[in-house]
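>
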Amino acid sequence: MKCARRAEASHNRSQGFFIGSGGYGGSIVGGSYPFTGGSFGIGGGEGSVLGSNEKVTMQHLNDRLASYIDKVRSLEQENDQLEILIREWYQKHGQVEGPRDYSGYYQQIDQLYNELVSETDDYNKILLNIDNTRMTAEDFKIKYQTESGLRQNVEADINGLRPLLDQLTLARSDLEAQYESLKEELLCLRKNHEEVRSQRGGDVNVEVNAAPGQDLKQRLDQLRCEYENIIEQNRREVECWYETKASKVYFDQEISCTNQQISELRREYQTLEIELQSQLSMIKSLQSNLEDTENRYNMQLRQIQLLIEPTENELASIRVEIEGQNQEYQLLLGVKIRLEQEIAQYRRLLEEGHFSQSTHFYMDLHPPINNMLLCYFHCVRLQIAEASFMNF
(Lines of atoms letter the chains of each structure in order from A; the text may use other names.)
(Lines give C-alpha, C1' and ligand atoms only; values in the text may rest on other atoms or scores of the structure.)
Protein backbone atom coordinates (compact mmCIF):
# COMPACT_ATOMS: atom_id res chain seq x y z
CA MET A 1 0.00 0.00 0.00
CA LYS A 2 2.92 2.31 0.82
CA CYS A 3 4.55 1.34 -2.47
CA ALA A 4 1.35 2.18 -4.33
CA ARG A 5 1.13 5.60 -2.65
CA ARG A 6 4.75 6.37 -3.42
CA ALA A 7 4.27 5.14 -6.97
CA GLU A 8 1.16 7.31 -7.23
CA ALA A 9 3.22 10.33 -6.13
CA SER A 10 5.80 9.51 -8.77
CA HIS A 11 2.95 9.03 -11.22
CA ASN A 12 1.63 12.51 -10.48
CA ARG A 13 5.10 13.98 -10.77
CA SER A 14 5.69 12.19 -14.07
CA GLN A 15 2.31 13.16 -15.57
CA GLY A 16 0.38 10.00 -14.56
CA PHE A 17 2.69 7.27 -15.89
CA PHE A 18 3.37 4.14 -13.67
CA ILE A 19 4.50 0.59 -14.20
CA GLY A 20 4.11 -2.49 -12.00
CA SER A 21 6.79 -4.92 -10.98
CA GLY A 22 7.10 -8.13 -12.91
CA GLY A 23 9.01 -11.34 -13.21
CA TYR A 24 9.42 -14.20 -10.78
CA GLY A 25 6.12 -13.66 -9.01
CA GLY A 26 6.77 -10.11 -7.80
CA SER A 27 3.90 -8.13 -6.22
CA ILE A 28 2.85 -4.52 -5.79
CA VAL A 29 0.23 -3.00 -3.38
CA GLY A 30 -1.16 -6.21 -2.02
CA GLY A 31 -1.68 -7.98 -5.33
CA SER A 32 0.60 -10.36 -7.22
CA TYR A 33 0.71 -11.18 -10.90
CA PRO A 34 3.43 -13.34 -12.47
CA PHE A 35 5.27 -12.60 -15.64
CA THR A 36 4.42 -14.88 -18.49
CA GLY A 37 7.56 -14.16 -20.37
CA GLY A 38 10.06 -14.60 -17.55
CA SER A 39 11.36 -10.96 -17.35
CA PHE A 40 10.36 -7.39 -18.08
CA GLY A 41 10.45 -6.36 -21.72
CA ILE A 42 11.37 -9.79 -23.05
CA GLY A 43 8.73 -12.11 -24.46
CA GLY A 44 10.67 -15.15 -25.54
CA GLY A 45 14.08 -15.11 -23.82
CA GLU A 46 17.12 -12.98 -23.02
CA GLY A 47 18.25 -12.45 -26.63
CA SER A 48 14.94 -11.26 -28.09
CA VAL A 49 15.73 -7.57 -27.37
CA LEU A 50 18.78 -7.80 -29.52
CA GLY A 51 16.93 -9.66 -32.30
CA SER A 52 16.56 -8.53 -35.87
CA ASN A 53 12.92 -7.49 -35.72
CA GLU A 54 13.17 -4.46 -33.40
CA LYS A 55 9.77 -3.11 -34.37
CA VAL A 56 8.01 -6.22 -33.17
CA THR A 57 10.02 -6.13 -29.97
CA MET A 58 9.17 -2.49 -29.29
CA GLN A 59 5.50 -3.13 -30.03
CA HIS A 60 5.52 -6.05 -27.64
CA LEU A 61 7.18 -3.91 -24.96
CA ASN A 62 4.63 -1.17 -25.43
CA ASP A 63 1.77 -3.66 -25.10
CA ARG A 64 3.32 -5.10 -21.96
CA LEU A 65 3.79 -1.60 -20.58
CA ALA A 66 0.17 -0.66 -21.23
CA SER A 67 -1.07 -3.86 -19.56
CA TYR A 68 1.10 -3.14 -16.53
CA ILE A 69 -0.28 0.37 -16.26
CA ASP A 70 -3.85 -0.96 -16.40
CA LYS A 71 -3.09 -3.56 -13.72
CA VAL A 72 -1.51 -0.95 -11.44
CA ARG A 73 -4.51 1.34 -11.77
CA SER A 74 -6.92 -1.52 -11.08
CA LEU A 75 -4.90 -2.55 -8.04
CA GLU A 76 -4.87 1.03 -6.78
CA GLN A 77 -8.65 1.14 -7.07
CA GLU A 78 -8.92 -2.19 -5.23
CA ASN A 79 -6.61 -0.87 -2.52
CA ASP A 80 -8.73 2.25 -2.12
CA GLN A 81 -11.88 0.13 -1.84
CA LEU A 82 -10.22 -2.16 0.70
CA GLU A 83 -9.07 0.83 2.75
CA ILE A 84 -12.61 2.21 2.73
CA LEU A 85 -14.01 -1.17 3.83
CA ILE A 86 -11.40 -1.48 6.59
CA ARG A 87 -12.16 2.03 7.91
CA GLU A 88 -15.90 1.31 7.85
CA TRP A 89 -15.35 -1.99 9.68
CA TYR A 90 -13.24 -0.32 12.41
CA GLN A 91 -15.78 2.50 12.75
CA LYS A 92 -18.61 -0.05 12.98
CA HIS A 93 -16.94 -2.25 15.60
CA GLY A 94 -15.45 0.63 17.54
CA GLN A 95 -11.87 -0.50 17.12
CA VAL A 96 -8.85 1.55 16.25
CA GLU A 97 -6.71 0.52 13.35
CA GLY A 98 -3.34 -0.85 14.38
CA PRO A 99 -2.16 -3.16 17.17
CA ARG A 100 -3.81 -2.90 20.56
CA ASP A 101 -2.00 -1.27 23.45
CA TYR A 102 -1.94 -3.64 26.43
CA SER A 103 0.60 -1.64 28.43
CA GLY A 104 -2.16 -0.43 30.77
CA TYR A 105 -2.81 -4.00 31.90
CA TYR A 106 0.82 -4.82 32.72
CA GLN A 107 0.78 -2.96 36.03
CA GLN A 108 -2.47 -4.63 37.06
CA ILE A 109 -1.07 -8.05 36.06
CA ASP A 110 2.10 -7.42 38.11
CA GLN A 111 0.01 -6.31 41.09
CA LEU A 112 -2.19 -9.41 40.87
CA TYR A 113 0.89 -11.62 40.51
CA ASN A 114 2.48 -10.03 43.60
CA GLU A 115 -0.77 -10.48 45.53
CA LEU A 116 -0.89 -14.12 44.43
CA VAL A 117 2.70 -14.68 45.57
CA SER A 118 2.03 -13.00 48.95
CA GLU A 119 -1.17 -15.01 49.44
CA THR A 120 0.74 -18.20 48.61
CA ASP A 121 3.42 -17.31 51.17
CA ASP A 122 0.76 -16.56 53.79
CA TYR A 123 -0.96 -19.85 53.00
CA ASN A 124 2.31 -21.75 53.41
CA LYS A 125 2.98 -19.95 56.72
CA ILE A 126 -0.52 -20.85 57.95
CA LEU A 127 0.05 -24.50 56.98
CA LEU A 128 3.37 -24.47 58.83
CA ASN A 129 1.76 -22.91 61.92
CA ILE A 130 -1.01 -25.52 61.78
CA ASP A 131 1.57 -28.31 61.63
CA ASN A 132 3.51 -26.80 64.53
CA THR A 133 0.32 -26.41 66.58
CA ARG A 134 -0.68 -30.00 65.80
CA MET A 135 2.76 -31.22 66.88
CA THR A 136 2.56 -29.18 70.11
CA ALA A 137 -0.91 -30.56 70.84
CA GLU A 138 0.36 -34.10 70.26
CA ASP A 139 3.30 -33.45 72.60
CA PHE A 140 0.99 -32.14 75.32
CA LYS A 141 -1.31 -35.09 74.81
CA ILE A 142 1.59 -37.53 75.17
CA LYS A 143 2.81 -35.68 78.29
CA TYR A 144 -0.69 -35.76 79.77
CA GLN A 145 -0.93 -39.49 79.14
CA THR A 146 2.51 -39.99 80.70
CA GLU A 147 1.67 -37.96 83.79
CA SER A 148 -1.66 -39.77 84.09
CA GLY A 149 0.17 -43.11 83.96
CA LEU A 150 2.63 -41.91 86.61
CA ARG A 151 -0.24 -40.76 88.81
CA GLN A 152 -1.92 -44.14 88.47
CA ASN A 153 1.36 -45.89 89.33
CA VAL A 154 1.84 -43.71 92.42
CA GLU A 155 -1.75 -44.35 93.52
CA ALA A 156 -1.20 -48.08 93.01
CA ASP A 157 2.01 -47.89 95.10
CA ILE A 158 0.15 -46.00 97.83
CA ASN A 159 -2.66 -48.55 97.81
CA GLY A 160 -0.06 -51.32 97.99
CA LEU A 161 1.69 -49.68 100.99
CA ARG A 162 -1.52 -49.19 102.98
CA PRO A 163 -1.69 -52.87 104.14
CA LEU A 164 1.94 -52.59 105.24
CA LEU A 165 1.05 -49.44 107.19
CA ASP A 166 -1.81 -51.29 108.85
CA GLN A 167 0.51 -54.17 109.73
CA LEU A 168 3.05 -51.78 111.20
CA THR A 169 0.33 -50.07 113.21
CA LEU A 170 -0.86 -53.42 114.60
CA ALA A 171 2.72 -54.44 115.38
CA ARG A 172 3.26 -51.14 117.18
CA SER A 173 0.12 -51.62 119.23
CA ASP A 174 1.21 -55.19 120.10
CA LEU A 175 4.62 -53.97 121.17
CA GLU A 176 3.08 -51.25 123.28
CA ALA A 177 0.78 -53.81 124.93
CA GLN A 178 3.72 -56.15 125.57
CA TYR A 179 5.72 -53.24 126.92
CA GLU A 180 2.91 -52.32 129.33
CA SER A 181 2.52 -55.94 130.45
CA LEU A 182 6.24 -56.29 131.02
CA LYS A 183 6.29 -52.99 132.85
CA GLU A 184 3.45 -54.18 135.15
CA GLU A 185 5.22 -57.49 135.68
CA LEU A 186 8.40 -55.63 136.56
CA LEU A 187 6.49 -53.51 139.08
CA CYS A 188 4.98 -56.62 140.59
CA LEU A 189 8.39 -58.22 140.91
CA ARG A 190 9.80 -55.11 142.51
CA LYS A 191 6.90 -55.01 144.96
CA ASN A 192 7.39 -58.65 145.86
CA HIS A 193 11.07 -58.05 146.23
CA GLU A 194 10.46 -55.15 148.58
CA GLU A 195 8.06 -57.23 150.62
CA VAL A 196 10.59 -60.02 150.85
CA ARG A 197 13.27 -57.62 151.95
CA SER A 198 10.98 -56.06 154.53
CA GLN A 199 10.13 -59.47 155.86
CA ARG A 200 13.81 -60.35 156.13
CA GLY A 201 14.72 -57.15 157.81
CA GLY A 202 12.14 -57.42 160.69
CA ASP A 203 12.15 -59.60 163.81
CA VAL A 204 9.71 -62.40 163.52
CA ASN A 205 9.16 -64.93 166.23
CA VAL A 206 7.13 -67.71 165.03
CA GLU A 207 6.68 -70.87 166.84
CA VAL A 208 5.61 -73.67 164.75
CA ASN A 209 5.09 -77.14 165.90
CA ALA A 210 5.38 -78.41 162.38
CA ALA A 211 8.35 -79.92 160.83
CA PRO A 212 11.08 -77.55 159.74
CA GLY A 213 10.68 -76.28 156.13
CA GLN A 214 13.10 -75.27 153.52
CA ASP A 215 15.53 -72.48 153.88
CA LEU A 216 13.92 -69.13 152.90
CA LYS A 217 17.11 -67.67 151.54
CA GLN A 218 17.60 -70.59 149.29
CA ARG A 219 14.03 -70.28 148.14
CA LEU A 220 14.43 -66.58 147.41
CA ASP A 221 17.62 -67.23 145.48
CA GLN A 222 15.82 -69.85 143.51
CA LEU A 223 12.94 -67.52 142.76
CA ARG A 224 15.40 -64.79 141.83
CA CYS A 225 17.16 -67.11 139.43
CA GLU A 226 13.89 -68.19 137.89
CA TYR A 227 12.71 -64.61 137.41
CA GLU A 228 16.07 -63.56 136.06
CA ASN A 229 15.90 -66.42 133.59
CA ILE A 230 12.38 -65.39 132.64
CA ILE A 231 13.50 -61.75 132.25
CA GLU A 232 16.50 -62.77 130.20
CA GLN A 233 14.35 -64.97 128.02
CA ASN A 234 11.83 -62.17 127.56
CA ARG A 235 14.66 -59.74 126.80
CA ARG A 236 16.06 -62.10 124.21
CA GLU A 237 12.66 -62.59 122.67
CA VAL A 238 12.14 -58.83 122.56
CA GLU A 239 15.58 -58.28 121.04
CA CYS A 240 14.96 -61.00 118.48
CA TRP A 241 11.55 -59.53 117.67
CA TYR A 242 13.08 -56.03 117.48
CA GLU A 243 15.84 -57.20 115.17
CA THR A 244 13.29 -58.98 113.01
CA LYS A 245 11.10 -55.88 112.85
CA ALA A 246 14.12 -53.63 112.27
CA SER A 247 15.38 -55.82 109.46
CA LYS A 248 11.88 -55.86 108.02
CA VAL A 249 11.63 -52.08 108.25
CA TYR A 250 15.10 -51.73 106.69
CA PHE A 251 14.08 -54.12 103.95
CA ASP A 252 10.89 -52.10 103.45
CA GLN A 253 12.96 -48.92 103.26
CA GLU A 254 15.21 -50.51 100.67
CA ILE A 255 12.12 -51.63 98.76
CA SER A 256 10.69 -48.10 98.91
CA CYS A 257 14.02 -46.62 97.73
CA THR A 258 14.16 -49.18 94.94
CA ASN A 259 10.56 -48.36 94.03
CA GLN A 260 11.43 -44.66 93.96
CA GLN A 261 14.40 -45.37 91.69
CA ILE A 262 12.19 -47.52 89.48
CA SER A 263 9.61 -44.71 89.37
CA GLU A 264 12.29 -42.16 88.47
CA LEU A 265 13.68 -44.46 85.77
CA ARG A 266 10.17 -45.08 84.47
CA ARG A 267 9.49 -41.35 84.42
CA GLU A 268 12.76 -40.74 82.58
CA TYR A 269 11.90 -43.53 80.14
CA GLN A 270 8.49 -41.99 79.50
CA THR A 271 10.08 -38.56 79.03
CA LEU A 272 12.53 -39.99 76.51
CA GLU A 273 9.69 -41.79 74.79
CA ILE A 274 7.75 -38.49 74.58
CA GLU A 275 10.79 -36.78 73.07
CA LEU A 276 11.17 -39.67 70.62
CA GLN A 277 7.52 -39.39 69.57
CA SER A 278 7.84 -35.62 69.19
CA GLN A 279 10.97 -36.03 67.06
CA LEU A 280 9.26 -38.69 64.95
CA SER A 281 6.21 -36.45 64.46
CA MET A 282 8.50 -33.54 63.56
CA ILE A 283 10.35 -35.74 61.04
CA LYS A 284 7.01 -36.84 59.60
CA SER A 285 5.78 -33.26 59.25
CA LEU A 286 9.08 -32.19 57.67
CA GLN A 287 8.87 -35.08 55.23
CA SER A 288 5.31 -34.08 54.32
CA ASN A 289 6.43 -30.46 53.86
CA LEU A 290 9.32 -31.68 51.71
CA GLU A 291 6.96 -33.75 49.57
CA ASP A 292 4.57 -30.78 49.21
CA THR A 293 7.46 -28.52 48.24
CA GLU A 294 8.78 -31.05 45.70
CA ASN A 295 5.29 -31.47 44.21
CA ARG A 296 4.81 -27.70 44.02
CA TYR A 297 8.17 -27.12 42.33
CA ASN A 298 7.59 -30.06 39.97
CA MET A 299 4.26 -28.52 39.01
CA GLN A 300 5.94 -25.14 38.46
CA LEU A 301 8.64 -26.87 36.40
CA ARG A 302 5.99 -28.56 34.26
CA GLN A 303 4.23 -25.22 33.78
CA ILE A 304 7.52 -23.59 32.77
CA GLN A 305 8.19 -26.44 30.36
CA LEU A 306 4.70 -25.99 28.92
CA LEU A 307 5.51 -22.30 28.46
CA ILE A 308 8.92 -23.06 26.94
CA GLU A 309 7.62 -25.56 24.37
CA PRO A 310 5.32 -23.12 22.49
CA THR A 311 8.06 -20.48 22.72
CA GLU A 312 10.52 -22.91 21.13
CA ASN A 313 7.96 -23.78 18.47
CA GLU A 314 7.37 -20.10 17.84
CA LEU A 315 11.12 -19.53 17.64
CA ALA A 316 11.45 -22.38 15.14
CA SER A 317 8.59 -20.96 13.07
CA ILE A 318 10.23 -17.52 13.22
CA ARG A 319 13.49 -19.03 12.01
CA VAL A 320 11.67 -20.78 9.18
CA GLU A 321 9.93 -17.52 8.34
CA ILE A 322 13.24 -15.65 8.41
CA GLU A 323 14.77 -18.22 6.08
CA GLY A 324 11.79 -17.87 3.74
CA GLN A 325 12.08 -14.10 3.83
CA ASN A 326 15.80 -14.40 3.17
CA GLN A 327 15.07 -16.56 0.14
CA GLU A 328 12.46 -14.04 -0.97
CA TYR A 329 15.02 -11.28 -0.47
CA GLN A 330 17.55 -13.16 -2.61
CA LEU A 331 14.85 -13.71 -5.22
CA LEU A 332 13.94 -10.02 -5.22
CA LEU A 333 17.60 -9.13 -5.43
CA GLY A 334 17.92 -11.33 -8.52
CA VAL A 335 14.81 -9.68 -9.96
CA LYS A 336 16.34 -6.26 -9.27
CA ILE A 337 19.56 -7.22 -11.06
CA ARG A 338 17.60 -8.62 -14.03
CA LEU A 339 15.43 -5.49 -14.17
CA GLU A 340 18.49 -3.26 -14.07
CA GLN A 341 19.93 -5.20 -17.00
CA GLU A 342 16.66 -4.94 -18.93
CA ILE A 343 16.37 -1.23 -18.15
CA ALA A 344 19.94 -0.70 -19.35
CA GLN A 345 19.12 -2.55 -22.56
CA TYR A 346 15.93 -0.54 -22.97
CA ARG A 347 17.79 2.74 -22.49
CA ARG A 348 20.46 1.66 -24.94
CA LEU A 349 17.75 1.05 -27.52
CA LEU A 350 16.27 4.45 -26.80
CA GLU A 351 19.64 6.15 -27.08
CA GLU A 352 20.37 4.42 -30.43
CA GLY A 353 17.15 5.92 -31.83
CA HIS A 354 15.62 2.68 -33.15
CA PHE A 355 11.97 3.64 -32.80
CA SER A 356 9.14 2.59 -35.02
CA GLN A 357 6.18 4.74 -35.95
CA SER A 358 3.95 2.91 -33.50
CA THR A 359 6.47 3.59 -30.80
CA HIS A 360 6.52 7.33 -31.58
CA PHE A 361 2.73 7.32 -31.59
CA TYR A 362 2.57 5.60 -28.21
CA MET A 363 5.16 8.00 -26.75
CA ASP A 364 3.04 10.95 -27.93
CA LEU A 365 0.05 9.57 -26.02
CA HIS A 366 1.89 8.79 -22.73
CA PRO A 367 4.53 10.46 -20.53
CA PRO A 368 8.18 9.94 -21.25
CA ILE A 369 9.40 6.41 -20.93
CA ASN A 370 12.44 7.53 -18.97
CA ASN A 371 10.24 8.79 -16.11
CA MET A 372 8.26 5.55 -16.24
CA LEU A 373 11.42 3.48 -15.96
CA LEU A 374 12.73 5.57 -13.09
CA CYS A 375 9.44 5.18 -11.20
CA TYR A 376 9.43 1.45 -11.89
CA PHE A 377 13.00 1.08 -10.66
CA HIS A 378 12.14 3.15 -7.53
CA CYS A 379 9.20 0.85 -6.73
CA VAL A 380 11.39 -2.26 -7.06
CA ARG A 381 13.96 -0.74 -4.72
CA LEU A 382 11.23 0.02 -2.16
CA GLN A 383 10.06 -3.59 -2.29
CA ILE A 384 13.61 -4.87 -1.79
CA ALA A 385 14.10 -2.46 1.16
CA GLU A 386 10.85 -3.60 2.76
CA ALA A 387 11.84 -7.25 2.29
CA SER A 388 15.25 -6.64 3.91
CA PHE A 389 13.53 -4.79 6.81
CA MET A 390 11.23 -7.78 7.32
CA ASN A 391 14.26 -10.06 7.44
CA PHE A 392 15.79 -7.97 10.22
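Numbering-wise, the sequence shown is residues 1 to 392 according to UniProt numbering. We put the beta carbon where it would ideally sit given N, CA and C, even for glycine. Since the model is a prediction, treat every value here as computed from it, not as a measurement.
1. Can Ser288 and Met135 be called in contact, C-beta distance under 8 Å?
2. Does the beta-carbon of Arg219 have 16 or more other beta-carbons within 10 angstroms, so that it is buried, or is it exposed?
3. Using beta-carbon positions only, say whether Asp139 and Ile274 come within less than 8 Å of one another.
4. When we look at the beta-carbon of Val204 and count the other beta-carbons within 10 Å, is it buried (16 or more) or exposed?
5. So, using beta-carbon positions, are Gln277 and Ile142 closer together than 8 Å?
6. Could you say if the stretch 150-159 and the stretch 261-268 meet the contact criterion of at least three C-beta pairs nearer than 8 Å?
7. Roughly how many whole angstroms lie between the Cα atoms of Leu333 and Glu78?
8. According to the neighbour-count rule (16 or more other Cβ atoms, all chains shown, within 10 Å of its Cβ), is Met299 buried or exposed?
9. Is the distance from the Cβ of Lys245 to the Cβ of Ala177 below 8 Å?
10. For Asn259, which residues from the same chain have a beta carbon less than 8 Å from its beta carbon, with the 5 sequence-adjacent residues on both sides left out?
11. Give the straight-line distance between the Cα atoms of His93 and Ile86, rounded to the nearest whole angstrom.
12. Which of helix, strand or coil does DSSP assign to Lys71?
13. Could you tell me the alpha carbon to alpha carbon distance between Ser173 and Tyr242, rounded to whole angstroms?
14. Relative to the C-alpha of Thr293, which residue among Glu155, Asp121, Thr311 and Leu168 is closest?
15. Between Tyr227 and Leu189, how many whole angstroms is the CB-CB distance? I'm expecting something under 8 Å.
16. Drop a sphere of 10 angstroms on the beta-carbon of Glu76, count the other beta-carbons inside from all chains shown, and report buried for 16 or more, exposed for fewer.
So, from the listed chains and residues:
1. Numbered from 1 along the sequence shown, position 288 holds the residue referred to as residue 288. Numbered from 1 along the sequence shown, position 135 holds the residue referred to as residue 135. For Ser288 and Met135, no; Cβs fall outside 8 Å.
2. Locating residue 219 in the sequence shown gives position 219, where the first residue counts as 1. Exposed, since its Cβ has fewer than 16 Cβ neighbours within 10 Å.
3. In the sequence shown, residue 139 corresponds to position 139, counting from 1. In the sequence shown, residue 274 corresponds to position 274, counting from 1. For the pair Asp139 and Ile274, the CB atoms are nearer than the 8 Å cut-off.
4. Within the sequence shown, residue 204 is the residue found at index 204, counting from 1. Confidence in Val204 is poor, its pLDDT being 47 and thus under 50, which makes the residue's placement too unreliable to answer from.
5. The residue labelled residue 277 in the question sits at position 277 within the sequence shown. The residue labelled residue 142 in the question sits at position 142 within the sequence shown. In contact: Gln277 and Ile142 (Cβ atoms closer than 8 Å).
6. yes
7. As a position in the sequence shown, residue 333 is number 333, starting the count at 1. As a position in the sequence shown, residue 78 is number 78, starting the count at 1. Between Leu333 and Glu78, the C-alpha separation is close to 27 Å.
8. Position 299 of the sequence shown holds residue 299. With fewer than 16 other Cβ atoms within 10 Å, it is exposed.
9. Taking the first residue of the sequence shown as position 1, residue 245 is located at position 245. Taking the first residue of the sequence shown as position 1, residue 177 is located at position 177. No, the pair does not count as a contact, with Cβ atoms beyond the cut-off.
10. Against the sequence shown, residue 259 aligns to sequence position 259. Closer than 8 Å at Cβ, skipping near neighbours: Asp157.
11. Walking along the sequence shown from the start, residue 93 turns up at place 93. Walking along the sequence shown from the start, residue 86 turns up at place 86. Their Cα atoms are separated by approximately 11 Å.
12. Position 71 of the sequence shown holds residue 71. Lys71 falls in the helix class under three-state DSSP.
13. Here residue 173 refers to the residue found at position 173 of the sequence shown. Here residue 242 refers to the residue found at position 242 of the sequence shown. So the alpha carbons of these two residues sit roughly 14 Å apart.
14. Here residue 293 refers to the residue found at position 293 of the sequence shown. Closest option to Thr293, Cα to Cα, is Asp121.
15. What you label residue 227 is simply residue 227 of the sequence shown in a count that begins at 1. What you label residue 189 is simply residue 189 of the sequence shown in a count that begins at 1. Between Tyr227 and Leu189 the beta-carbon gap is near 6 Å, inside 8 Å, which marks them as a contact.
16. Here the question's residue 76 lines up with position 76 in the sequence shown. Burial call: buried.
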